[in-house]
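Participant: Input: one structure, supplied below.
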Amino acid sequence: MASGRSSKFDKVLVIVGAIVSINVVSIIGTYFLDVNEKTKYKLILIQCLLATQSLMFFTARYLWLRLCSPLFNSASVLNRILFLLLMVVIILAQGSIMLGTIFSGIEPHWISLLSYICLGLFILLTTATLLADFVTCLFGAINTRSGSLASKSRYARFHVIGIIIISFMLALVALHNGLKEPLVKNIKLPVKNLPPELNGFTIVHLPDLHVGPTVGKTMLEKVVRTTNQLNPDVIALTGDLVDSTVYQIRQAVKPLLKLKARYGVYFVTGIDREHTFQFALNALLVQVFKAKSSASAYLT
0 MASGRSSKFD KVLVIVGAIV SINVVSIIGT YFLDVNEKTK YKLILIQCLL ATQSLMFFTA
60 RYLWLRLCSP LFNSASVLNR ILFLLLMVVI ILAQGSIMLG TIFSGIEPHW ISLLSYICLG
120 LFILLTTATL LADFVTCLFG AINTRSGSLA SKSRYARFHV IGIIIISFML ALVALHNGLK
180 EPLVKNIKLP VKNLPPELNG FTIVHLPDLH VGPTVGKTML EKVVRTTNQL NPDVIALTGD
240 LVDSTVYQIR QAVKPLLKLK ARYGVYFVTG IDREHTFQFA LNALLVQVFK AKSSASAYLT
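Numbering of the sequence shown is given in numbering that gives the first Met the number 0, commencing with residue 0 and proceeding in unit increments.
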C-alpha cells in the first residue's frame with residue numbers, strides 16, 4: 000500500500016518537474032538569448048501559453064479532487080449531470096487561450112466566446128472552492144473523525160452543489176454586465192493651480208479594450224460611438240488593446256479610425272504587453288492612425 004502511494008507520488012513529482020523545467024527553459028530562451036523581435040515575440044507567446052496551461056493543469060486537478068470526485072461517485076442523475084457540466088467547463092477553460100488565438104477575427108467566434116465563459120466559470124469555481132475549503136478548515140464545519148461515511152459523502156456533495164450554484168450565479172451576473180452597452184462614468188478631478196483655459200477640459204479614458212476572442216468590431220464600434228458623443232478634448236487608450244495577434248484583428252480595430260477628439264487620440268501599452276506586442280502594436284497603430292491628421296498615437 001505504501002509503495003503504491005510512493006509510486007503515485009513519484010509520478011506526480013516527475014510531471015511537476017517536467018512542467019516546471021519546460022517553463023524555466025522557455026523563460027531562459029526568451030529573456031537571455033539574443034534574438035530578433037519577431038522571434039522573441041513568438042517565444043514569449045509560447046512561454047505565456049506554457050505557464051498558463053501549467054497553472055490551469057494544477058488548478059484543474061484541484062477542482063477534480065474537490066468537486067468532480069464527489070459527484071462522480073454519486074448515483075444521482077442530477078449529480079452526474081453536474082459532473083458532466085463541470086468536465087465541459089474544465090476542458091473548454093483549459094483550451095480557451097488556444098481556441099481564442101486560433102479563431103480570432105473581425106468578430107468573436109462562438110467557440111471562443113463559449114470557452115472564455117468557461118474560463119470565467121473556472122476561475123469562479125476555483126475561488127469559491129478555495130474559500131470554502133479555508134472556511135471549513137478554519138471553523139471546523141465538519142469533524143472528519145466522527146460521523147458515518149455516508150453523512151460525510153452527503154455533506155461533500157451538498158458542499159460541491161453549493162459552490163457550483165454560487166459560481167454560476169456570479170457568472171450570469173458577469174455575463175449580463177459584459178453584454179450591456181458601454182458604461183460612461185463621469186469623474187471630476189480637482190487640480191490645484193489649474194490654468195483657467197483648462198477649466199472644463201475633458202478626457203475620455205478607454206482602458207483595456209481587449210479586442211480579440213471576446214471583443215470584436217461591433218462592440219468596438221459601440222465604444223467609439225459612445226466616446227464621440229461625449230465630444231472630448233482628448234481620448235486616452237491605455238492598457239491591453241488586443242488579446243490576439245494583431246495580424247488577426249487588424250480589421251476589427253478599424254473603428255478606432257473614427258475616434259474624434261479636439262487635441263488628439265493617445266495610446267500607451269499595458270505593462271504585460273511591453274515586450275510581447277511592442278513591435279506588432281507599432282505596426283498596427285501606424286496603420287490605424289496614419290490616415291488621421293487630427294490624431295496622434297504615442298507608444299511607450
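Virtual Cβ for every residue (Gly too), placed ideally from N, Cα, C.
So, at 6 Å on beta carbons, what are the nonlocal neighbours of Met55 in its own chain, with the 5 sequence-adjacent residues on each side left out?
Facilitator: Stepping through the sequence shown from its first residue, residue 55 is reached at position 56. Taken in chain order, the residues that qualify are Gln93.
Participant: I need the DSSP call for Ile110, collapsed to helix, strand or coil.
Facilitator: The count along the sequence shown starts at 1 and reaches residue 110 at position 111. Of the three classes helix, strand and coil, the one that applies to Ile110 here is helix, per DSSP.
Participant: Give me, in chain order, the residues of the same chain whose beta-carbon lies closer than 7 Å to that of Leu83; leave out the 5 immediate sequence neighbours on both sides.
Facilitator: In the sequence shown, residue 83 corresponds to position 84, counting from 1. So the list is empty, once near-sequence residues are dropped.
Participant: Tell me whether Ser243 is buried or exposed, calling it buried when 16 or more other Cβ atoms sit within 10 Å of its Cβ.
Facilitator: Sequence index remark: in the sequence shown, residue 243 carries index 244 (1-based). So Ser243 counts as buried.
Participant: To the nearest angstrom, how far is the alpha carbon of Ile116 from that of Ser20?
Facilitator: Looking up residue 116 in the sequence shown gives position 117. Looking up residue 20 in the sequence shown gives position 21. Taking the straight line from one Cα to the other gives about 31 Å.
Participant: Between Leu98 and the rest of its own chain, which residues show a CB-CB distance below 7 Å, the 5 nearest in sequence each way excluded?
Facilitator: Locating residue 98 in the sequence shown gives position 99, where the first residue counts as 1. The answer, listed in chain order, is Ile110, Ser111, Ser114.
Participant: Would you call the stretch 247-261 in contact with the stretch 220-228, where contact means no fewer than 3 C-beta pairs closer than 8 Å?
Facilitator: Contact between the stretch 247-261 and the stretch 220-228 is present, because at least three Cβ pairs lie under 8 Å.
Participant: Do Val252 and Val210 have their C-beta atoms within less than 7 Å of each other?
Facilitator: For this step, residue 252 is matched to residue 253 along the sequence shown. For this step, residue 210 is matched to residue 211 along the sequence shown. Against a cut-off of 7 Å, the Cβ pair of Val210 and Val252 comes out as a contact.
Participant: Helix, strand or coil: which one does DSSP assign to Ala316?
Facilitator: Residue 316 lies beyond the range of the chain shown here (0 to 299); nothing can be said about it.
Participant: Where does Ile101 sit, in a helix, a strand or coil, going by DSSP?
Facilitator: Counted from its first residue, the sequence shown places residue 101 at position 102. Of the three classes helix, strand and coil, the one that applies to Ile101 here is helix, per DSSP.
Participant: Quick one: complete beta strand (DSSP E) runs, 3+ long, within the stretch 163-209?
Facilitator: For the stretch 163-209, whole beta strand (DSSP E) runs of length 3 or above, ordered along the chain, are 202-206.
Participant: May I have the straight-line CA-CA distance separating Lys191 from Asn198, to the nearest angstrom?
Facilitator: Within the sequence shown, the letter at position 192 stands for residue 191. Within the sequence shown, the letter at position 199 stands for residue 198. Their backbone Cα atoms lie some 11 Å apart in a straight line.
Participant: Under the DSSP definition of a beta bridge, which residues are partnered with Gly238?
Facilitator: Within the sequence shown, the letter at position 239 stands for residue 238. Looking at the DSSP assignment, Gly238 forms a beta bridge with Thr268.
Participant: Suppose the cutoff is 7 Å on Cβ atoms and the five residues either side in sequence are ignored; what does the same chain contact list for Ala173 look like?
Facilitator: Taking the sequence shown and counting its residues from 1, the one referred to as residue 173 is at position 174. Around Ala173: Gly119.
Participant: I want to know whether the stretch 121-131 touches the stretch 231-241 - three or more CB-CB distances under 8 Å.
Facilitator: Touching, no, given that fewer than three Cβ pairs across the two stretches are closer than 8 Å.
Participant: Rounded to a whole number of angstroms, what is the C-alpha to C-alpha distance between Val233 and Phe200?
Facilitator: What you label residue 233 is simply residue 234 of the sequence shown in a count that begins at 1. What you label residue 200 is simply residue 201 of the sequence shown in a count that begins at 1. The straight-line gap from Cα to Cα measures roughly 8 Å.
Participant: Exposed or buried, which one is Ile96 when buried takes at least 16 other CB atoms within 10 Å?
Facilitator: Position 97 of the sequence shown, counting from 1, holds the residue named residue 96. It is buried - the Cβ of Ile96 has at least 16 other Cβ atoms within 10 Å.
Participant: Under a CB-based cut-off of 7 Å, is Leu44 close to chain B?
Facilitator: The displayed structure is made up of one protein chain only, and chain B is not part of it.
Participant: Helix, strand or coil for Ala17 per DSSP?
Facilitator: Here residue 17 is taken as the residue at index 18 of the sequence shown, counted from 1. DSSP places Ala17 in helix when its eight states are reduced to three.
Participant: From Val203 to Pro231, what does the alpha carbon distance come to, in whole angstroms?
Facilitator: The residue given as residue 203 occupies position 204 in the sequence shown. The residue given as residue 231 occupies position 232 in the sequence shown. Whole-angstrom Cα-Cα distance: 6 Å.
Participant: Less than 7 Å between C-beta atoms, sequence neighbours within five positions excluded: which residues of the same chain meet that for His158?
Facilitator: To locate residue 158, count along the sequence shown from 1; it is residue 159. Here the set comprises Ala131.
Participant: Considering only residues of the same chain and omitting the five flanking positions on each side of Phe121, which have a CB-CB separation below 7 Å?
Facilitator: As a working note, residue 121 is residue 122 in the sequence shown. Hits under 7 Å: Val88, Ile89, Ala92.
Participant: If we ignore side chains and look at the alpha-carbon of each, how far apart do Ile163 and Val222 end up?
Facilitator: As a position in the sequence shown, residue 163 is number 164, starting the count at 1. As a position in the sequence shown, residue 222 is number 223, starting the count at 1. Rounded to whole angstroms, Ile163 to Val222 spans 33 Å at the Cα level.
Participant: Nearest CA to the CA of Thr213: which residue from Pro206, Glu106, Val264, Gln250?
Facilitator: Along the sequence shown, read from residue 1 onward, the residue named residue 213 stands at position 214. Per the Cα distances, Glu106.
Participant: Whole angstroms are fine: how far does the CA of Asn35 sit from the CA of Ser166?
Facilitator: Reading the sequence shown from its first residue, position 167 is the one you call residue 166. Reading the sequence shown from its first residue, position 36 is the one you call residue 35. Straight-line Cα distance between these residues: approximately 44 Å.
Participant: Considering Asn309, what are the terminal residues of the alpha helix (DSSP H) in which it resides?
Facilitator: The question about residue 309 has no answer here: the residues shown for the chain are numbered 0 through 299.
Participant: What residues in its chain sit with their C-beta under 6 Å from that of Ala17, if we drop five residues either side in the sequence?
Facilitator: Looking up residue 17 in the sequence shown gives position 18. For Ala17, where only same-chain residues beyond five positions count, there are no Cβ hits under 6 Å.
Participant: Taking the alpha carbon of Ala262 as the reference point, which residue from Thr125, Gln247, Ala235 has its own alpha carbon closest?
Facilitator: Mapped onto the sequence shown, residue 262 falls at position 263. The question names Ala, but residue 262 is Tyr in the sequence shown. Taking only the C-alpha atoms, the option nearest Tyr262 is Ala235.
Participant: Considering only DSSP beta bridges, list what Val88 is partnered with.
Facilitator: Here residue 88 refers to the residue found at position 89 of the sequence shown. Beta-bridge pairing links Val88 to no other residue.
Participant: Nearest-angstrom Cα distance between Ile101 and Arg79?
Facilitator: Within the sequence shown, numbered from 1, the residue matching residue 101 stands at position 102. Within the sequence shown, numbered from 1, the residue matching residue 79 stands at position 80. Taking the straight line joining both Cα atoms gives about 32 Å.
Participant: Select from Gln250, Ile186, Glu196, Gln46 the residue whose C-alpha is nearest the C-alpha of Thr217.
Facilitator: Translated into the one-based positions of the sequence shown, residue 217 becomes position 218. The candidate whose alpha carbon is nearest that of Thr217 is Gln250.
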